[in-house]
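Visitor: Mind looking over this structure? Questions follow.
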């Protein structure tokens, strides 16, 4: 009976003016998020231009924990960044990292990721909100994967990326067309479109 009483109270509370206000505010917040311009997002999140394309800002670094030892020296256990592609800065060119990373969708248009794995296998994943049509809210990318991303529609797409062990600038390797073509000639059209020339 106590459980039933709690459930009934929650049901009745959903019709209260306060609950109505909270739902309205939630809808307004969602609407506001979806109507922000790319300039507003860049300003509010204090994003800077990234040399590979797009905009970013490091949002977390696990300095409060003991570091881990890697082949490249000591690293924090994890770092995280905001990352945004825009219609006038729409490509994150092919690169690779030593560490594993996970991309998390936040807002805006979907972002298409292209991965070439060390064995030559290719995978395309769209990270975005439309999970009913195959888009994913998060994407895990193993270290050593060659990855590029592009915004194919809309003004911007915003994601986060968490990396473990934590990222340092020297851990990101820019790869050029000729290097990728030597390794993966079967992906020539994709590489020529999304990899930088030296």
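Residue numbers (this note's numbering): 891 to 1088.
Note that the Cβ used here is the ideal one computed from N, Cα and C, for glycine as well.
1. In the DSSP output, what is residue 949 paired with across the bridge?
2. Out of curiosity, what's the CA-to-CA distance linking residue 1039 and residue 984?
3. I need the straight-line Cα distance from residue 1056 to residue 967, nearest angstrom please.
4. Suppose the cutoff is 6 angstroms on Cβ atoms and the five residues either side in sequence are ignored; what does the same chain contact list for residue 1013 look like?
5. In angstroms, rounded to a whole number, what distance separates the CA positions of residue 949 and residue 962?
6. Taking residue 1032 and residue 990 to be in contact with their CB atoms under 8 angstroms, please state how far apart those CB atoms are, rounded to whole angstroms.
7. Nearest to residue 1065 by alpha carbon, out of 938, 928, 942?
8. Sort 953, 972, 927, 954 by Cα distance to residue 938 and report the nearest one.
9. Based on the DSSP output, what are the partners of residue 1037 in its beta bridges?
10. Less than 8 angstroms between the CB atoms is what I'm expecting for residue 1037 and residue 1067, so what's the real figure, rounded?
11. Give the straight-line distance between the Cα atoms of residue 978 and residue 1073, rounded to the nearest whole angstrom.
12. How many whole angstroms separate the CB atoms of residue 993 and residue 1051, which I take to be in contact at a CB cut-off of 8 angstroms?
Guide: Answer, in terms of the structure:
1. Locating residue 949 in the chain shown gives position 59, where the first residue counts as 1. Answer by DSSP bridge pairing: none, since residue 949 is not bridged.
2. One-based indexing of the chain shown puts residue 1039 at position 149. One-based indexing of the chain shown puts residue 984 at position 94. Between residue 1039 and residue 984, the C-alpha separation is close to 8 angstroms.
3. Walking along the chain shown from the start, residue 1056 turns up at place 166. Walking along the chain shown from the start, residue 967 turns up at place 77. So the alpha carbons of these two residues sit roughly 5 angstroms apart.
4. Reading the chain shown from its first residue, position 123 is the one you call residue 1013. Spatial neighbours of residue 1013 in its own chain (CB-CB distance under 6 angstroms, excluding positions within 5 residues in sequence) are listed in chain order as 1005.
5. Within the chain shown, the letter at position 59 stands for residue 949. Within the chain shown, the letter at position 72 stands for residue 962. So the two alpha carbons sit approximately 23 angstroms from each other.
6. Stepping through the chain shown from its first residue, residue 1032 is reached at position 142. Stepping through the chain shown from its first residue, residue 990 is reached at position 100. Yes, they are in contact, since the Cβ atoms of residue 1032 and residue 990 sit about 5 angstroms apart, within 8 angstroms.
7. Here residue 1065 is taken as the residue at index 175 of the chain shown, counted from 1. Measuring from the Cα of residue 1065, the nearest candidate turns out to be 942.
8. As a working mapping, residue 938 is identified with position 48 in the chain shown. Comparing Cα positions, the closest option is 972.
9. To locate residue 1037, count along the chain shown from 1; it is residue 147. In DSSP, residue 1037 forms a bridge with 985, 1005.
10. For this step, residue 1037 is matched to residue 147 along the chain shown. For this step, residue 1067 is matched to residue 177 along the chain shown. Rounded to whole angstroms, the Cβ separation of residue 1037 and residue 1067 is 15 angstroms, and the two are not in contact under 8 angstroms.
11. On the chain shown, position 88 is the one that residue 978 refers to. On the chain shown, position 183 is the one that residue 1073 refers to. Rounded to whole angstroms, residue 978 to residue 1073 spans 30 angstroms at the Cα level.
12. Start at 1 with the first residue of the chain shown, and residue 993 comes out as number 103. Start at 1 with the first residue of the chain shown, and residue 1051 comes out as number 161. About 5 angstroms separates the beta carbons of residue 993 and residue 1051, which is inside the 8 angstroms limit, making them a contact pair.
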